[in-house]
Each structure stands twice: as C-alpha cells, then as structure tokens.
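**Q**
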Amino acid sequence: MSCLRRLLGFIAAALLCAPGALSQPQDHGSASVFLYHRFDEPDKPSTNISSSLFRAHLAELTSGPYHVMP
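So the sequence shown is residues 1 to 70, counted in our numbering.
This is the structure:
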C-alpha cells in the first residue's frame, strides 16, 4: 500500500471519528455551554481562570447579543 493511500485512509478515518469537527453552528435551536472549573488557582493552569478575565467574560456575555441562561 502506498504512503499516499495510507495517508488518505488515515485522514478519512480521522474525519469519520470526529464528525463534529467539520459541522457549522446553527443559528436556532442550539446552545453553547461555558464551564469554568477553577478561579484564581494558578497552580492548576489548564483549568484556571483569573477573576478579572472571568469578569471580562461576563461583561461580554451581558453586553453582547446573547441570551444568557444561568
């Protein structure tokens, strides 16, 4: 099997395993969910957000064209 054929097979398999990666967001009947894990805990950088950045996120959500549901 040629390298190109293997590569194409790998790409096809990857796209089949991740169909949501290519989908477009819908304008109606859908929602985005934001989940914040930790606040002001710099020892956990992958799940941490600073209070000031969180306040900026909230300001954007409340001032933008969004329907926020707590």
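Glycine is no exception: its CB is placed at the ideal position from the N, C-alpha and C atoms.
I need the straight-line Cα distance from residue 70 to residue 63, nearest angstrom please.
**A** What you label residue 70 is simply residue 70 of the sequence shown in a count that begins at 1. What you label residue 63 is simply residue 63 of the sequence shown in a count that begins at 1. Each residue's Cα considered, the two are about 15 Å apart.
**Q** Hey, out of 38, 65 and 10, whose CA is closest to residue 48's CA?
**A** One-based indexing of the sequence shown puts residue 48 at position 48. Out of 38, 65 and 10, 38 has the C-alpha closest to the C-alpha of residue 48.
**Q** If you check the beta carbons only, do residue 66 and residue 54 fall under 9 Å apart?
**A** Reading the sequence shown from its first residue, position 66 is the one you call residue 66. Reading the sequence shown from its first residue, position 54 is the one you call residue 54. No. Outside cutoff.
**Q** Hey, residue 43 and residue 51: beta-carbon distance below 9 Å or not?
**A** On the sequence shown, position 43 is the one that residue 43 refers to. On the sequence shown, position 51 is the one that residue 51 refers to. Not in contact: residue 43 and residue 51 (Cβ atoms no closer than 9 Å).
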